[in-house]
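There are 2 protein chains.
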Amino acid sequence: MDSYIKGYFCEKDIADDCDKIISAVKCDKLIHAEKTKYQDLVVFESDVLGRCLALDGAMQLTEKDEFSYQEMISFLPLNSHPNPKKVLIVGGGDGGVIRECLKHPSVESITLCEIDERVVEVSKKYLPFMASSFNDPKVKVLIGDGYAYIRENKDAFDVIITDSSDPKGPAVSLFQKEYYQSLKECLRSGGIIACQAETIWFHLHLIKFLYATASELFASVAYALTLVPTYPSGQIGFLLACKDKKINFGEPIHKLTDEQVAEMKLKYYSTEIHRASFVLPNFVRNELKTETQSK
Amino acid sequence: MDSYIKGYFCEKDIADDCDKIISAVKCDKLIHAEKTKYQDLVVFESDVLGRCLALDGAMQLTEKDEFSYQEMISFLPLNSHPNPKKVLIVGGGDGGVIRECLKHPSVESITLCEIDERVVEVSKKYLPFMASSFNDPKVKVLIGDGYAYIRENKDAFDVIITDSSDPKGPAVSLFQKEYYQSLKECLRSGGIIACQAETIWFHLHLIKFLYATASELFASVAYALTLVPTYPSGQIGFLLACKDKKINFGEPIHKLTDEQVAEMKLKYYSTEIHRASFVLPNFVRNELKTETQSK
């Protein structure tokens, strides 16, 4: 099934790439479409969702709801680390994670490693609300294979955020044990990772695998939920792990006041949301065999 | 746009009933379809979602994910009340809320008032996982207008659960101020309501209206979230309110142990999930002007 049918962008919903559940968004105006070296890239305008970017037929972001993903994948690890100075972002070529990480007062440098230069260029041109911070002096953008970059850099970062697409196409290697091993080695002592880790509703088997894999390698592991209505199932999650310290991810070290939340223009993340995001439904908790997350 | 296109059940996603976002579920086997006195009723089988029931083109439940809705709309109010003996369910003809309420040890009687007898009959026949408890001696089923029943009964129930469909068709009157006034009068002292209250992503204006309306009438009001991947946006919420007591809905009076959760076969609800469900993203909290929900 093609991604475009009669003016609708159509996305298959299930992990196995079958066509049992499909979500369709009216494409009110096509802004840009190209086949890059790595993937099909489309930007379109939806009357109800604003600007939307899709890669290989999967919605990556919409103007209406991107904040819940960008804020959570950034602030969950940053606020779990006592002093996150050096941040690496793997993927994230739209610039949204950079935008959020720059809000954190401890962050001194952000390196972004995006394999597809066209995602960065197209985002700069058509998604200014995402790609607003590429020129910030703290930001360094590398075009290349993030996995290779991680292997070449040891003990280098306090926080590594893997802002990847789904485990197919260019992102498939980012959901394997070797990648997590390399992430660990790329972290400084006390370092934390946050990786895009799919939905509890249709990818629980994958989440279980990632959780178990990370648990073999890292001192602390947790899975957190956020809501993104334009992703399949309306929910996506993040795998967080700390290299060498036992930490309780459910209780952030940096607690933002309501004033800070307002100053930082956070529409989703708060200290309370941070805590709540690690509380998992029983059917997930039982699969991951996590202990009761809060008292 | 019709609900069935080329073997797919298609649902429009947005409050305004436009066709900008559509979700489509492959209808692998049509089990039953009829036009009842009140609405179009369809039961079909999906390979990935199991048995599904739709009313007037809107998905009401699927076998895969119904538990998160049924458990939450039942246990959030029941565990917020010190002694919920008498329960009224408005709507809920599929029987799922009865099934959950019967698990609570304090509950002595459950009255269900469903306007459409065919929903009850069809659920008994085709959805045995939902309609398992209609014959329980604690349960009384009335076929009729729930709103009329509420107006006729004062100071009668400890908990009233409005398990309604969306605010169109037979359910439209259940989203109006007069209905909330009648709910209040139908409650006994200390009584609590829980009403289906749509999604934060596309119906925030309605939620704001319901929240403000209930705040004028009730002593305590709160909105809670749950995840239902087969509902539009993947999230739905509940409006809870207590007739005449200041209570903190975010902290349940009855705290279930892990053993109780296992005994009751709860796949979603736990004490931790209860607390977390009242923690709202900033953009919702700001609209509802609620205070910080947890400390």
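For the record, the sequence lines run as chains A and B. Mapping of the first sequence onto our numbering: residues 1 to 295, in sequence order. Mapping of the second sequence onto our numbering: residues 1001 to 1295, in sequence order. Cβ coordinates follow ideal geometry from the N, Cα and C atoms, glycine included. Remember, it's a predicted structure, so these values are computed and weren't measured experimentally.
List the residues of chain B that LEU227 of chain A touches, going by C-beta distances under 9 Å, in chain order. Along the first sequence, one-based indexing puts residue 227 of chain A at 227. Ordered by position in chain B, the residues that pass the 9 Å Cβ test against LEU227 of chain A are ILE1200, TRP1201, LEU1225, LEU1227, SER1233, GLY1234, GLN1235, PRO1281.
Where TYR1008 of chain B falls: helix, strand or coil (DSSP): Residue numbering aside, residue 1008 of chain B sits at position 8 when the second sequence is read from its first letter. Correct three-state label for TYR1008 of chain B: strand.
Burial state of GLY237 of chain A (16 or more Cβ within 10 Å): One-based indexing of the first sequence puts residue 237 of chain A at position 237. Buried.
Contacting positions in the segment 1039-1061 of chain B - beta carbon closer than 8 Å to chain A: SER1046, ASP1047, VAL1048, LEU1049
Residues bridged to MET1059 of chain B by DSSP? Start at 1 with the first residue of the second sequence, and residue 1059 of chain B comes out as number 59. DSSP, once it has assigned bridges, lists B:ALA1054 as partnering MET1059 of chain B.
From the beta carbon of TYR1004 of chain B, is the nearest beta carbon of chain A less than 8 Å away? Position 4 of the second sequence holds residue 1004 of chain B. No, because no Cβ of chain A sits closer than 8 Å to the Cβ of TYR1004 of chain B.
Name the chain A residues whose beta carbon is nearer than 8 Å to that of TYR1268 of chain B? Along the second sequence, one-based indexing puts residue 1268 of chain B at 268. What TYR1268 of chain B touches in chain A: PRO281, ASN282, PHE283.
Ends of the beta strand (DSSP E) at TYR1147 of chain B? The sequence position of residue 1147 of chain B within the second sequence is 147, counting from 1. From DSSP, TYR1147 of chain B is part of no beta strand (DSSP E) but of the alpha helix (DSSP H) over 1146-1152.
Compute the Euclidean distance between the alpha carbons of VAL228 of chain A and VAL1119 of chain B, then round it to the nearest angstrom. Working through the first sequence from its first residue, we reach residue 228 of chain A at position 228. Working through the second sequence from its first residue, we reach residue 1119 of chain B at position 119. If you take the alpha carbons of VAL228 of chain A and VAL1119 of chain B, they lie about 32 Å apart.
Neighbour list for SER1189 of chain B in chain A, Cβ cutoff strictly below 9 Å: Position 189 of the second sequence holds residue 1189 of chain B. Chain A residues near SER1189 of chain B: none, gap ~31 Å exceeds 9 Å.
Same chain only: Cβ atoms within 7 Å of THR1213 of chain B, ignoring 5 sequence neighbours per side: As a working note, residue 1213 of chain B is residue 213 in the second sequence. LYS1177, TYR1180.
Tell me which residues of the segment 1245-1261 of chain B have at least one Cβ-Cβ distance to chain C shorter than 8 Å, keeping chain order. Judged by its chain identifiers, the structure shown contains no chain C, and its protein chains are A and B.
In chain order, which continuous runs of the alpha helix (DSSP H) of length 4 or greater are located wholly inside the segment 1214-1286 of chain B? 1258-1263, 1271-1277
Let me make sure I understand the geometry here. Which of A:VAL284, A:SER164, A:TYR269 has the alpha-carbon closest to that of GLN60 of chain A? Within the first sequence, residue 60 of chain A is the residue found at index 60, counting from 1. It is A:SER164.
In chain B, which residues lie less than 8 Å from GLU65 of chain A when you measure between Cβ atoms? By 1-based counting over the first sequence, the position of residue 65 of chain A is 65. In the sequence as displayed, the identity of residue 65 of chain A is Asp instead of Glu. Neighbours of ASP65 of chain A on chain B, chain order: TRP1201.
Apply the 10 Å Cβ neighbour rule to ASP1166 of chain B and answer buried if 16 or more other Cβ atoms are within range, or exposed otherwise. Locating residue 1166 of chain B in the second sequence gives position 166, counting from the first residue. By the 10 Å Cβ count, ASP1166 of chain B comes out buried.
As assigned by DSSP and simplified to three states, the class of GLN1070 of chain B: Counting from 1 along the second sequence, the entry for residue 1070 of chain B is found at position 70. GLN1070 of chain B: helix per DSSP, three-state reduction.
Return the CA-CA distance between PRO281 of chain A and VAL1087 of chain B, expressed in angstroms with no decimal places. Here residue 281 of chain A corresponds to residue number 281 of the first sequence, with the count starting at 1. Here residue 1087 of chain B corresponds to residue number 87 of the second sequence, with the count starting at 1. Taking the straight line joining both Cα atoms gives about 25 Å.
Per-residue DSSP class, three states only, for SER294 of chain A: Locating residue 294 of chain A in the first sequence gives position 294, counting from the first residue. For SER294 of chain A, the pLDDT reaches just 39, beneath the cut-off of 50, and the residue's location in the model is therefore unreliable, although a value from the coordinates is still provided. Three-state result, SER294 of chain A: coil.
Using a Cβ-Cβ cut-off of 8 Å, state whether SER74 of chain A counts as contacting chain B. Reading the first sequence from its first residue, position 74 is the one you call residue 74 of chain A. Closer than 8 Å: no.
Exposure label - ILE21 of chain A; buried when at least 16 CB within 10 Å: Numbered from its first residue, the first sequence carries residue 21 of chain A at position 21. So ILE21 of chain A counts as buried.
With a 10 Å radius around its C-beta and 16 neighbouring C-beta atoms as the bar for buried, classify ASP19 of chain A as buried or exposed. Counting from one through the first sequence, the residue named residue 19 of chain A turns up at place 19. ASP19 of chain A comes out exposed.
Exposed or buried, VAL172 of chain A, counting other C-beta atoms within 10 Å across all chains shown (16 or more means buried)? Reading the first sequence from its first residue, position 172 is the one you call residue 172 of chain A. When all chains shown are included, VAL172 of chain A counts as exposed.
With burial defined as no fewer than 16 other Cβ atoms inside 10 Å of the residue's Cβ, what is the status of HIS1104 of chain B: buried or exposed? The count along the second sequence starts at 1 and reaches residue 1104 of chain B at position 104. By the 10 Å Cβ count, HIS1104 of chain B comes out buried.
Chain A beta carbons: is any one of them nearer than 8 Å to that of GLN1293 of chain B? Indexing the second sequence from 1 puts residue 1293 of chain B at position 293. Low confidence applies here, because GLN1293 of chain B scores a pLDDT of 42, under 50, leaving its location unreliable and the question unanswered by this model.
Taking DSSP's pairing of strands, which residues face LYS1140 of chain B in a bridge? As a position in the second sequence, residue 1140 of chain B is number 140, starting the count at 1. Its beta-bridge partners are B:THR1111.
When you compare the CB of VAL1221 of chain B with every CB in chain A, is at least one pair closer than 8 Å? The residue given as residue 1221 of chain B occupies position 221 in the second sequence. So no, VAL1221 of chain B is outside the interface.
Between which residues of its own chain and ALA1058 of chain B is the CB-CB distance below 7 Å, once the five residues before and five after are set aside? By 1-based counting over the second sequence, the position of residue 1058 of chain B is 58. GLU1011, SER1165, ASP1166, listed in sequence order.
Grab the span of the beta strand (DSSP E) containing ILE98 of chain A for me, first residue to last. Stepping through the first sequence from its first residue, residue 98 of chain A is reached at position 98. ILE98 of chain A -> not in any beta strand (DSSP E); alpha helix (DSSP H) instead, spanning 96-101.
Only counting the same chain, and skipping five residues up and downstream in sequence, which positions put a Cβ closer than 6 Å to that of VAL284 of chain A? Residue numbering aside, residue 284 of chain A sits at position 284 when the first sequence is read from its first letter. Contacts found: ILE200.
Over the uninterrupted alpha helix (DSSP H) stretch that includes SER182 of chain A, give me the two end residues. To locate residue 182 of chain A, count along the first sequence from 1; it is residue 182. Looking at the DSSP string, the run of the alpha helix (DSSP H) that includes SER182 of chain A is 177-186.
ILE1207 of chain B, buried or exposed, once every other Cβ within 10 Å from all chains shown has been counted against 16: For this step, residue 1207 of chain B is matched to residue 207 along the second sequence. Buried is the call here.
Can you give me the C-alpha to C-alpha distance between LEU1266 of chain B and TYR1147 of chain B, rounded to a whole angstrom? Translated into the one-based positions of the second sequence, residue 1266 of chain B becomes position 266. Translated into the one-based positions of the second sequence, residue 1147 of chain B becomes position 147. One C-alpha to the other measures close to 30 Å.
Are the CB atoms of CYS1195 of chain B and THR1162 of chain B within a distance shorter than 8 Å? For the purposes of this step, residue 1162 of chain B is identified with residue 162 of the second sequence, where counting begins at 1. For the purposes of this step, residue 1195 of chain B is identified with residue 195 of the second sequence, where counting begins at 1. For THR1162 of chain B and CYS1195 of chain B, yes; Cβs fall inside 8 Å.
What is the DSSP secondary structure of GLU45 of chain A, counted as helix, strand or coil? Taking the first residue of the first sequence as 1, we reach residue 45 of chain A at position 45. In the structure shown, GLU45 of chain A sits in a strand (DSSP, three-state: E or B).
Of the choices B:VAL1048, B:CYS1027, B:LYS1035, whose alpha-carbon is the least far from that of HIS203 of chain A? The count along the first sequence starts at 1 and reaches residue 203 of chain A at position 203. The shortest Cα separation from HIS203 of chain A among B:VAL1048, B:CYS1027, B:LYS1035 belongs to B:VAL1048.
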